[in-house]
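Chemist: Numbering (the working numbering), first residue to last: 1 to 392.
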């Protein structure tokens, strides 16, 4: 089949949507299908040329500083030229390109599928401070209903997201399909990677706590700084490494300086190379996560694949990955309780090893190959149903 992925985020931009599109497209190609990706251009970034990737002119928005917004009119021109030969159009929401993609797919009578990646209610509250909860919910419901109209199926990364979308009363059926991860990437450390210990002068006997992700208010990084401060008071030989960047990075850097913690809290910036990132995961002793806005918690699955135990705030999406305390701990959003769980792992090498062993087993549920085969099964089932209807 020829499949078109329409996405508002793609390489070199980091994040869960990018990872999802990259992993699913790679796996579907390995299964013998052609996948075209329609995504924003990133004028200030180097991007590799790929005949299967169509980059659409985009612009910067002061409100959404971490994202590029594509020009919908330019997108429509691309779609009119490329969609006529497609068997499936799969839109990764949210994206400003969804409206022209839906219109042109309908014109060519191409089946539409969607992946709903983001809990928009929570993001609206973060990016538009002060908006009432009922308004955020109404806007998110209106967007979801409009953008998924006439779709064959909606994929969501977690049961929590399925429950949320079901409450919106959407027309297409909703299927839980987490983003898969390439487990082979985490099988071994690369000798070519400059380690975190080398970069930041961390001693061999010192412990490393790690966070990977965007640095923004919705990711709750400030909570992790507060927790680390408590941990460091009782366990002095520990460092915290933050991998990522974003609109909140300046505030976090200023806070670390005010804490006089620049010697033990380190920043790598964005890391695009999956092998380098996998090495960082494996080098860490404990992975920390406190976001309350996740639909899956993909970085948690990545940490588990690297056999790194996780301490995370109990929240939708996250709890679907880290179940029943296997591979780590889910903790209420309480700095004292969170830091105590981190200390429990740091102070108990045997427990740390036990959680590390559990982590890899938990991660196997999120194999990219398995998830892509499930996606393909859903495509074929829906297409078969459509063909039967036309035959009648």
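Don't be surprised by glycine CBs; every beta carbon is placed ideally from N, CA and C.
So the candidates are 59, 18, 124, 184; which of them puts its Cα closest to the Cα of residue 367?
Modeler: The residue you call residue 367 lines up with position 367 of the chain shown. For the residues 59, 18, 124, 184, the minimum Cα distance to residue 367 belongs to 184.
Chemist: Rounded to whole angstroms, what is the Cα-Cα separation between residue 6 and residue 313?
Modeler: Reading the chain shown from its first residue, position 6 is the one you call residue 6. Reading the chain shown from its first residue, position 313 is the one you call residue 313. Taking the straight line from one Cα to the other gives about 32 Å.
Chemist: Which of helix, strand or coil does DSSP assign to residue 181?
Modeler: Sequence index remark: in the chain shown, residue 181 carries index 181 (1-based). Reduced to three states, the DSSP call for residue 181 is strand.
Chemist: In terms of residues, what are the limits of the beta strand (DSSP E) holding residue 207?
Modeler: Within the chain shown, residue 207 is the residue found at index 207, counting from 1. Note, residue 207: beta strand (DSSP E), 207 to 212.
Chemist: So, do the stretch 203 to 217 and the stretch 277 to 286 have three or more beta carbon pairs nearer to each other than 8 Å?
Modeler: Contact between the stretch 203 to 217 and the stretch 277 to 286 is present: 3 or more CB-CB pairs across the two stretches fall below 8 Å.
Chemist: Give, in chain order, every unbroken run of the beta strand (DSSP E) that is at least 3 residues long and sits entirely within the stretch 58 to 125.
Modeler: 58 to 60, 68 to 70, 88 to 93, 112 to 116
Chemist: What first and last residue would you give for the beta strand (DSSP E) that runs through residue 223?
Modeler: Translated into the one-based positions of the chain shown, residue 223 becomes position 223. Note, residue 223: premise wrong, no beta strand (DSSP E); alpha helix (DSSP H) at 221 to 234.
Chemist: Provide the residue span of the beta strand (DSSP E) that contains residue 175, from first to last.
Modeler: In the chain shown, counting from the first residue as 1, residue 175 sits at position 175. Where residue 175 is concerned, the enclosing beta strand (DSSP E) stretches over 173 to 176.
Chemist: Taking the alpha carbon of residue 321 as the point to measure from, which residue in 309, 300, 99, 109 has its own alpha carbon closest?
Modeler: If you number the chain shown from 1, residue 321 lands on position 321. The shortest Cα separation from residue 321 among 309, 300, 99, 109 belongs to 300.
Chemist: Name the one or two DSSP bridge partners that residue 3 has.
Modeler: Residue mapping note: residue 3 aligns to position 3 of the chain shown, counting from 1. In DSSP, residue 3 forms a bridge with 35, 88.
Chemist: Are the CB atoms of residue 175 and residue 154 nearer to each other than 9 Å?
Modeler: For the purposes of this step, residue 175 is identified with residue 175 of the chain shown, where counting begins at 1. For the purposes of this step, residue 154 is identified with residue 154 of the chain shown, where counting begins at 1. Closer than 9 Å, so yes.
Chemist: Exposed or buried, what is residue 199 when buried is set at 16 or more other beta-carbons lying within 10 Å of its beta-carbon?
Modeler: Working through the chain shown from its first residue, we reach residue 199 at position 199. Exposed.
Chemist: Hey, residue 317 and residue 157: beta-carbon distance below 9 Å or not?
Modeler: Looking up residue 317 in the chain shown gives position 317. Looking up residue 157 in the chain shown gives position 157. Yes, the pair counts as a contact, with Cβ atoms nearer than the cut-off.
Chemist: In whole angstroms, what separates the C-alpha of residue 121 from that of residue 146?
Modeler: The residue you call residue 121 lines up with position 121 of the chain shown. The residue you call residue 146 lines up with position 146 of the chain shown. Roughly 15 Å between the two C-alpha positions.
Chemist: Just curious, the beta strand (DSSP E) that residue 55 is in, first and last residue?
Modeler: Within the chain shown, numbered from 1, the residue matching residue 55 stands at position 55. Start and end: 53 to 56.
Chemist: Shortest alpha-carbon distance to residue 187 belongs to which of 267, 280, 239?
Modeler: Translated into positions along the chain shown, residue 187 becomes position 187. For residue 187, the closest alpha carbon among the candidates 267, 280, 239 is that of 280.
Chemist: Who pairs with residue 340 in a beta bridge, going by DSSP?
Modeler: As a first step, residue 340 is located in the chain shown; it is residue number 340 there, counting from the start. Under the DSSP definition of a beta bridge, residue 340 lacks any partner.
Chemist: Can you grab the Cα-Cα spacing for the pair residue 392 / residue 354, in whole Å?
Modeler: Locating residue 392 in the chain shown gives position 392, counting from the first residue. Locating residue 354 in the chain shown gives position 354, counting from the first residue. Legend: pLDDT at residue 392 = 47, less than 50; position of this residue unreliable, value from coordinates given subsequently. Whole-angstrom Cα-Cα distance: 58 Å.
Chemist: Going by DSSP, what residue range makes up the beta strand (DSSP E) through residue 366?
Modeler: For this step, residue 366 is matched to residue 366 along the chain shown. Residue 366 -> no beta strand (DSSP E), and no H or E assigned at all.
Chemist: Counting Cβ pairs, one atom from each stretch, are 3 or more of them under 8 Å apart for the stretch 286 to 296 and the stretch 263 to 273?
Modeler: Between the stretch 286 to 296 and the stretch 263 to 273 there are fewer than three C-beta pairs closer than 8 Å, too few to call the two in contact.
Chemist: Flag this pair as yes or no: are the beta carbons of residue 339 and residue 230 separated by less than 9 Å?
Modeler: One-based indexing of the chain shown puts residue 339 at position 339. One-based indexing of the chain shown puts residue 230 at position 230. Yes, they are a contact pair.
Chemist: Taking the alpha helix (DSSP H) that residue 138 falls in, what are its first and last residues?
Modeler: Locating residue 138 in the chain shown gives position 138, where the first residue counts as 1. Segment 133 to 147, the alpha helix (DSSP H) holding residue 138.
Chemist: Name, in chain order, the residues that DSSP records as bridge partners for residue 312.
Modeler: To locate residue 312, count along the chain shown from 1; it is residue 312. Partner(s): 289, 330.
Chemist: What do you reckon, are the CB atoms on residue 38 and residue 9 nearer than 9 Å?
Modeler: Taking the chain shown and counting its residues from 1, the one referred to as residue 38 is at position 38. Taking the chain shown and counting its residues from 1, the one referred to as residue 9 is at position 9. Not in contact: residue 38 and residue 9 (Cβ atoms no closer than 9 Å).
Chemist: Go through its chain and collect everything with a Cβ distance to residue 1's Cβ below 8 Å, but skip five positions before and after it.
Modeler: Stepping through the chain shown from its first residue, residue 1 is reached at position 1. The beta carbon of residue 1 sits closer than 8 Å to those of 33, 34, 87, 88, 379, all from its chain and outside the five residues before and after it, given in chain order.
Chemist: Going by C-alpha to C-alpha distance, which of 333, 26, 309, 148 sits closest to residue 349?
Modeler: By one-based count along the chain shown, residue 349 stands at place 349. When only C-alpha atoms are compared, the closest one is 309.
Chemist: What whole-angstrom Cβ distance do residue 112 and residue 150 have, given they're in contact under 8 Å?
Modeler: By one-based count along the chain shown, residue 112 stands at place 112. By one-based count along the chain shown, residue 150 stands at place 150. About 6 Å; that satisfies the 8 Å criterion.
Chemist: Give a yes or no on whether the C-beta atoms belonging to residue 143 and residue 218 are separated by under 9 Å.
Modeler: For the purposes of this step, residue 143 is identified with residue 143 of the chain shown, where counting begins at 1. For the purposes of this step, residue 218 is identified with residue 218 of the chain shown, where counting begins at 1. The Cβ-Cβ distance between residue 143 and residue 218 does not fall below 9 Å.
Chemist: Rounded to whole angstroms, what's the CA-CA distance from residue 224 to residue 265? Just pull it up for me.
Modeler: As a working note, residue 224 is residue 224 in the chain shown. As a working note, residue 265 is residue 265 in the chain shown. Between residue 224 and residue 265, the C-alpha separation is close to 11 Å.
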